[in-house]
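Let me begin by presenting the structure, written as structure tokens, before commenting on it.
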Amino acid sequence: MPWPTKARKTTKTKRMRKLFSILIVLALAMPAQAQEADSLAAVCLNQSDWFRLQEIYRTDSTRISPFLRLFSKTMLNHFFGRPEDAINDIRKVLRDYQGELGSSNFISLVIMLGQNYSLLGHNKQAAAVLQNFISTWKDRIDSISLAPYVARERNYRSLSKYDLYQVRQPKATYQISFKIQEVGDSAQSLFFVEGGLNGHKSSFVLDTGAAYNVITPDLATAYGLKIIGRGTQVRGIKPLEGQTAIAESLQLGDLMLRNVPFVVLDIQKGSKIPTQKTAFLKMIIGQSLFRRFSSCAFNFTRSTLTLHADSTNSNNLADLRPNLCFSQGGVLQVNVSDGRHHYPLILDSGSTTSWMGPDYYKEHTADVAREGKWAIKSGAGYGGVSYTSQFIMPQITLTIGESTFSMKKMPITTMSSQQNNIDSGAGRLGNEFFRRWQQLTIDYAKMTLQLK
91 MPWPTKARKT TKTKRMRKLF SILIVLALAM PAQAQEADSL AAVCLNQSDW FRLQEIYRTD
151 STRISPFLRL FSKTMLNHFF GRPEDAINDI RKVLRDYQGE LGSSNFISLV IMLGQNYSLL
211 GHNKQAAAVL QNFISTWKDR IDSISLAPYV ARERNYRSLS KYDLYQVRQP KATYQISFKI
271 QEVGDSAQSL FFVEGGLNGH KSSFVLDTGA AYNVITPDLA TAYGLKIIGR GTQVRGIKPL
331 EGQTAIAESL QLGDLMLRNV PFVVLDIQKG SKIPTQKTAF LKMIIGQSLF RRFSSCAFNF
391 TRSTLTLHAD STNSNNLADL RPNLCFSQGG VLQVNVSDGR HHYPLILDSG STTSWMGPDY
451 YKEHTADVAR EGKWAIKSGA GYGGVSYTSQ FIMPQITLTI GESTFSMKKM PITTMSSQQN
511 NIDSGAGRLG NEFFRRWQQL TIDYAKMTLQ LK
């Protein structure tokens, strides 16, 4: 996300933590020959460590007990962007192991099932999943607790009336020129693309760190977007709720789409920063568009973004070595190593800077205290202002795949004044990381990040 920080990703649910926490207990109840593999898998699930889990599944899946083996495969398919396989596996878990899950964990999987149907464009089926859940549980859950699921069901049902992301002139590849432009009164920059929205000339931020396409209420009205639903949860400095709207047409380079969904958010709501400092955040292209394609390549020699339509995805987990996965909020994380530990960093072209988060600090406290220069940083975004305690490290060395690189003057966040998912976790790689390469390719079919 950019400076100042902008709308963040979907709200993380506590139910997912509950779901994974029961697995360690279950592992201890397994036969001795399965306990070691089960315990390793359960720890990865509890920590949402999908990269480590995929290695355990690949090498030890035959030694994992049936429930954890299926559950691990389900989570890998979900977080590594394989919605068709995830749907099949979620249904198997719900059918065969409902007794082991418990009610709150059952609900979490139902939500995931709806999400995967929606990712495939099957919003009618997603709505049916939620409607069936609501009908079954309405007498067990109070109306306030049930309200988010009702809103989600209505949102899916509204989306089901549209053929979303309909390509007007299908091609194998699409070329989109972008420009690197300074924002606000800083020397920091973002990636902008000129295009059209409902026939109006428009400028969009390309943001791989945003789960949704975003537009402000004033532009949604001015450009004639149709509001079709409410209840889309977005997490910034504080949680916000947006409206879902449909743009009849969107043009980016030679890509022309019809029926493109946007989340309508008031970026000034709860924020104390001047309006002019968020003017460039009025329209954002996020993961909901990018992941419709098999891959996207940022070429910084030619300043072009190439979107590839054709997919060469493999359904065999053993054939894949992903270094990308999706977070619970629907944004990309890349597997990064410092030589001793690995960290799932948010891959965020919409952030003007990179930083490592509290997870990194915990593993390197002594080094950071010795070499870093302490500072307090303020950041503003959707929902307000946060203040973070940071150490600026002279340099840290990281590795992605076969590419090793150094990041100079790297901020290390130790704590934040707000409990938010912007400053928490392992950290993020912003657009200055993107710009250090001639080409950066995100392959959604293979879930790999390729750097040249």
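Residues in the sequence shown are numbered from 91 upward in steps of one, following the numbering used here. Using N, Cα and C, we set each Cβ at its ideal position, and we do this for glycine too. Bear in mind that the values here come from a model prediction, so they are computed numbers and not experimental data.
Rounded straight-line distance, which links the Cα of residue j to that of residue i
i: threonine 503; j: tyrosine 433; result: 14 Å
i: arginine 460; j: glutamine 480; result: 13 Å
i: glycine 420; j: glutamine 377; result: 8 Å
i: leucine 340; j: valine 304; result: 13 Å
i: alanine 262; j: threonine 478; result: 44 Å
i: asparagine 349; j: asparagine 213; result: 14 Å
i: isoleucine 180; j: leucine 160; result: 9 Å
i: tryptophan 464; j: isoleucine 482; result: 6 Å
i: arginine 98; j: alanine 300; result: For arginine 98, the predicted structure reports a pLDDT of 37, less than 50, and the residue's modelled location is therefore unreliable. A value from the coordinates is still provided. Going from the Cα of arginine 98 to the Cα of alanine 300 covers about 6 Å.
i: leucine 437; j: glutamate 174; result: 24 Å
i: tyrosine 187; j: leucine 199; result: 12 Å
i: glycine 343; j: serine 441; result: 23 Å
i: threonine 489; j: threonine 443; result: 18 Å
i: alanine 131; j: lysine 372; result: 42 Å
i: phenylalanine 223; j: leucine 435; result: 34 Å
i: serine 138; j: histidine 290; result: 42 Å
i: lysine 182; j: threonine 494; result: 41 Å
i: glutamine 540; j: aspartate 229; result: 50 Å
i: lysine 542; j: isoleucine 234; result: 51 Å
i: proline 156; j: aspartate 150; result: 12 Å
i: proline 92; j: arginine 153; result: Unreliable positioning characterises proline 92 in this predicted model, as indicated by a pLDDT of 37, which lies under 50. A coordinate reading is not provided.
i: phenylalanine 523; j: lysine 498; result: 11 Å
i: tryptophan 527; j: threonine 391; result: 9 Å
i: serine 250; j: glutamate 338; result: 15 Å
i: asparagine 288; j: alanine 312; result: 10 Å
i: serine 507; j: phenylalanine 416; result: At serine 507, the pLDDT of 48 sits below 50, so the modelled position is not reliable; the number obtained from the coordinates is stated separately. Taking the straight line joining both Cα atoms gives about 26 Å.
i: threonine 95; j: aspartate 297; result: For threonine 95, the pLDDT reaches just 35, beneath the cut-off of 50, and the residue's location in the model is therefore unreliable, leaving the point undetermined.
i: lysine 163; j: threonine 334; result: 32 Å
i: aspartate 232; j: glutamine 221; result: 16 Å
i: arginine 525; j: arginine 185; result: 47 Å
i: arginine 60; j: methionine 165; result: The requested residue 60 is not part of the displayed model; the chain covers only 91 to 542.
i: glycine 211; j: arginine 258; result: 17 Å
i: serine 129; j: tryptophan 140; result: 15 Å
Residue i versus the options, residue with shortest Cα-Cα distance
i: glutamate 492; options: Thr538, Trp464, Glu522; result: Thr538
i: isoleucine 226; options: His212, Ser248, Phe196; result: A small fix is needed here, since residue 226 is threonine in this sequence, not isoleucine. Answer by Cα proximity: Phe196.
i: isoleucine 270; options: Asn521, Thr396, Arg181, Gln125; result: Asn521
i: valine 353; options: Thr487, Tyr207, Lys316; result: Lys316
i: alanine 310; options: Pro351, Thr164, Phe282, Asp344; result: Pro351
i: alanine 394; options: Tyr147, Phe281, Ile357; result: The identity of residue 394 in the sequence shown is threonine, whereas the question assumes alanine. The residue with the shortest Cα to Cα distance from threonine 394 is Phe281.
i: aspartate 449; options: Ile224, Ile231, Ser427, Ile146; result: Ser427
i: methionine 500; options: Val458, Leu379, Ala217; result: Val458
i: proline 238; options: Phe523, Phe390, Glu331; result: Glu331
i: glycine 286; options: Asp308, Met346, Phe380; result: Met346
i: isoleucine 318; options: Asp356, Ser248, Phe380, Gly274; result: Ser248
i: isoleucine 466; options: Met505, Trp527, Ser279; result: Met505
i: arginine 430; options: Leu209, Tyr313, His454; result: His454
i: alanine 535; options: Val240, Leu397, Gln221; result: Leu397
i: aspartate 356; options: Leu236, Phe380, Asn178, Pro307; result: Pro307
Beta bridge counterpart(s) of residue i as assigned by DSSP
i: glutamine 485; result: Lys498
i: alanine 456; result: Its beta-bridge partners do not exist; DSSP assigns none.
i: isoleucine 146; result: Note: isoleucine 146 sits in no beta bridge, so no partner.
i: leucine 395; result: Ile266, Phe388
i: serine 444; result: Beta-bridge pairing links serine 444 to no other residue.
i: valine 257; result: Leu347
i: arginine 518; result: Ile436, Trp445
i: valine 353; result: Val304, Thr334
i: tryptophan 464; result: Phe481
i: leucine 342; result: Gly285, Leu345
i: cysteine 415; result: Gln423
i: threonine 152; result: For threonine 152, which the question treats as bridged, DSSP gives no partner whatsoever.
i: serine 493; result: Ile490
Where the alpha helix (DSSP H) through residue i begins and ends
i: glutamate 522; result: 521–524
i: threonine 226; result: 213–227
i: phenylalanine 157; result: 156–169
i: valine 200; result: 193–209
i: lysine 182; result: 173–186
i: threonine 306; result: Counting along the chain, threonine 306 falls outside any alpha helix (DSSP H), and DSSP gives it neither H nor E.
i: proline 238; result: 233–249
i: glutamine 377; result: 377–380
8 Å Cβ cutoff, residue i in contact with chain B
i: arginine 348; result: The structure shown contains no chain B; it is built from a single protein chain.
N- and C-terminal bounds of the beta strand (DSSP E) containing residue i
i: valine 421; result: Careful: valine 421 lies outside any beta strand (DSSP E) and carries neither H nor E.
i: valine 273; result: That residue, valine 273, is in no beta strand (DSSP E); it is neither H nor E in DSSP.
i: threonine 538; result: 538–541
i: aspartate 533; result: 529–533
i: serine 293; result: 290–296
Report yes or no: do the stretch 523–535 and the stretch 378–387 share at least 3 C-beta pairs separated by less than 8 Å? yes
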